[in-house]
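Reviewing the structure listed below.
2 protein chains.
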Amino acid sequence: MDRSQLVKTIFEKRSCLCVGLDTDIQKIPKHLSTLEDPVFEFNKAIIDATLPFSVAYKINTAFYEASGSAGWKSLEKTAAYLPDSVFKIADAKRGDIGNTTDMYAKAFFEHLNFDSVTIAPYMGSDSITPFLKYKDKWAIILALTSNASSTDFQLKKLSDSDNSLYQEVLTLTSAMGNISNLMYVVGATKASELKSIRKLVPDHFLLIPGVGAQGGTVKDVFEGGANKDCGLLINSSRGIIYASKGEDFAVKAAQEAKLLQKEMESFVTV
Amino acid sequence: MDRSQLVKTIFEKRSCLCVGLDTDIQKIPKHLSTLEDPVFEFNKAIIDATLPFSVAYKINTAFYEASGSAGWKSLEKTAAYLPDSVFKIADAKRGDIGNTTDMYAKAFFEHLNFDSVTIAPYMGSDSITPFLKYKDKWAIILALTSNASSTDFQLKKLSDSDNSLYQEVLTLTSAMGNISNLMYVVGATKASELKSIRKLVPDHFLLIPGVGAQGGTVKDVFEGGANKDCGLLINSSRGIIYASKGEDFAVKAAQEAKLLQKEMESFVTV
């Protein structure tokens, strides 16, 4: 999906909601367990129910890998089920030397047809540029993450610039691509940093996890991070997909997604 | 595998060779292509042929993911085929928030029974500590990698210490575990840095990629990085597994592995 399609979808749906499919086979409703592929059936129902309110879906690969090749089968089926009208994110946090990164790009862009992959920047440009060779595909680079231990390294100040490490990541990597093939992960729990992030990357999209279960709010994220194209994809995973553990799980997921979309609506206007 | 078993194996075989199974279906000998699972058959033959000369095997997950769930099936079969007498490394470079890291640990330690996983430290302790809950399992953290763009961030100096980022990674993360559950990745192409690395982590094992195709030498690595327990796992991937593209691929792989083992022999003595 290219940038103009993404922006159009956001303004049409008045939503920048990304639904996170962190689907844990231990946590899905019991009545699904007799089906051939409970994880896929769960995801299918969640996608169908939340589609009116969301513009993106993020598949957290770890939850599928935990079941090995069977989990990857569920991942493949889920990725294939996602309609082309939504922005598809493989939340895989990959990052390696060039010839290995080529393989990851092949896995996520060719084999699975995702629009984007999340990337850990520790190994530098070799981890990023192979993803940028694909037309209308995106690299989503970890900048300032939502977890407590993001402070261990990301906030460390560098001596040869005024930048902290995550600011250096923004500065250096934004020059490797452009606003149509690079996004950044910034945790909603770091909303106070959004204004300074926008000074470095005013026009890029930001993928914002951490709303809901992790404690961030939609209002704070918009006030600190929105730009003229919205410029945000706000993710909620557990708060939506596990809204109910009963047979009504999809209905409840839709209600939670709708609540978030309603919160977003007033901020997403032409 | 625990540390004492690993050290014992190294001194028995007089080798710290790790064979990297970066198996690319496009690059394996053509005569295997008619078999049901060419990648697994290739790996099986490579493992059988190189086993006398190596103490560890490293599976680069990207090369398997590029073929989706079918690739993961080959990965599972290869991991299961590796004997318990060798140290098994999932070169996956994972790293995420705590609840996701739990899933990665489940994938690689429970489902696939690897001894260790490589980890990108950008997100801090949340990416590391869940792996350390498993007895006799290891987290192998990226410190100073072998690729050219490792300089983008890893060598950046921090302002509140004399450390560069990779040295800060060594300092902070070594306190999260111990020498029996943590190792570090240091590229053989960075042999000049090994002495200063040993000042920070004198007793840890180092996983050293970059010998062979990437240009590092066994001698330089031993001279800069060995400790009393050897303390090194030196990886070669392409130089061994693609030594021949013909029907003699396994024989040639064994010859290359033996050459490296011979180079190591004089350094690995009781």
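Those protein sequences? They're chains A and B, same order as listed. Just so it is clear: in the first sequence, position 80 is 86 by this note's numbering, and no numbers are missing. Just so it is clear: in the second sequence, position 169 is 175 by this note's numbering, and no numbers are missing. Cβ coordinates follow ideal geometry from the N, Cα and C atoms, glycine included.
If you follow the alpha helix (DSSP H) that residue i is part of, which residue opens it and which one closes it?
| i | result |
| --- | --- |
| V257/A | F255 to E271 |
| V45/A | P44 to T56 |
At a cut-off of 7 angstroms, would you count residue i as near the ligand MG, judging by its Cβ distance to the nearest heavy atom?
| i | result |
| --- | --- |
| K19/A | Absence of the ligand MG from the depicted structure is noted, as is the absence of any ligand whatsoever, leaving it without description. |
Let's see if you can read the secondary structure: which residues bound the beta strand (DSSP E) around residue i?
| i | result |
| --- | --- |
| S5/A | This structure cannot speak to residue 5/A, because chain A is shown only from 7 to 276. |
| G290/B | Coverage of chain B is limited to positions 7 through 276, which leaves residue 290/B absent and any answer about it impossible. |
| K64/A | A62 to N66 |
| I246/B | Element bounds for I246/B: not the beta strand (DSSP E) but the alpha helix (DSSP H), R244 to I247. |
On the criterion of 16 or more Cβ atoms from any shown chain inside 10 Å, does residue i qualify as buried, or is it exposed?
| i | result |
| --- | --- |
| H37/A | exposed |
| K141/B | exposed |
| Y87/A | exposed |
| E199/B | buried |
| Q173/A | buried |
| N6/A | There is simply no residue 6/A to check, as chain A begins at 7 and stops at 276 in what is shown. |
| A139/B | According to the sequence as given, residue 139/B is Lys; it is not Ala. Burial call: exposed. |
| V276/B | exposed |
| V257/A | exposed |
| D168/A | exposed |
| S277/A | For residue 277/A there is no data in the structure shown, the boundaries of chain A being 7 and 276. |
| Q32/A | exposed |
| L41/A | exposed |
| S39/A | exposed |
| P58/A | exposed |
| E262/A | buried |
| E82/B | buried |
| P89/A | exposed |
| D158/B | buried |
| K112/A | buried |
| S91/B | exposed |
| K202/A | The amino acid at residue 202/A is misidentified as Lys; the sequence shows Ser. The residue in question, S202/A, is exposed, as its Cβ has fewer than 16 Cβ neighbours within 10 Å. |
| T177/A | exposed |
Where does residue i fall in DSSP's three states?
| i | result |
| --- | --- |
| N184/B | coil |
| S75/A | helix |
| I16/B | helix |
| L148/B | strand |
| L138/A | helix |
| S170/A | strand |
| K201/B | helix |
| K163/A | strand |
| L178/B | helix |
| L38/A | helix |
Starting from the C-beta of residue i, find all residues in its chain whose C-beta is less than 8 angstroms away, skip the five residues before and the five after it, and write them out in chain order.
| i | result |
| --- | --- |
| V217/A | A194, T223, V224, V227, I240, N241, S242, G245 and L266 |
| S180/A | L188, L206, V207 and H210 |
| D121/B | M7, F93, K94, I95, D142, K143 and W144 |
| M270/B | R20, S21, C22, L23, V224, F228 and I240 |
| W78/A | Y70 and E71 |
| K162/A | S170 and L171 |
| N233/B | R204, P208 and D209 |
| D54/A | A256 |
Keeping to the same chain, check which residues put their C-beta closer than 6 angstroms to that of residue i; ignore five residues upstream and five downstream.
| i | result |
| --- | --- |
| S152/B | G193, T195, P215, G216 and Q220 |
| R9/B | S186 |
| Y110/B | R100 |
| L213/B | I146, M189, V191 and L239 |
| Q160/B | L150, L171 and Y172 |
| A249/A | K258, A259 and E262 |
Tell me which residues share the same chain as residue i and place their Cβ nearer than 7 angstroms to its Cβ, disregarding the 5 neighbours each side in the sequence.
| i | result |
| --- | --- |
| K251/B | P35 |
| I16/B | C22, V61, C236 and V274 |
| T135/B | M182 |
| G104/B | D132 and P136 |
| T84/A | L27, F46, N49 and I65 |
Which whole runs of the beta strand (DSSP E) in the region 203-231 of chain B are 3 residues long or more, in chain order? Taken in chain order, the whole beta strand (DSSP E) runs of length 3 or more contained in the region 203-231 of chain B are 211-214.
Which residue spans inside the region 82-128 of chain B form an unbroken beta strand (DSSP E) run of at least 3? 93-100 and 122-125
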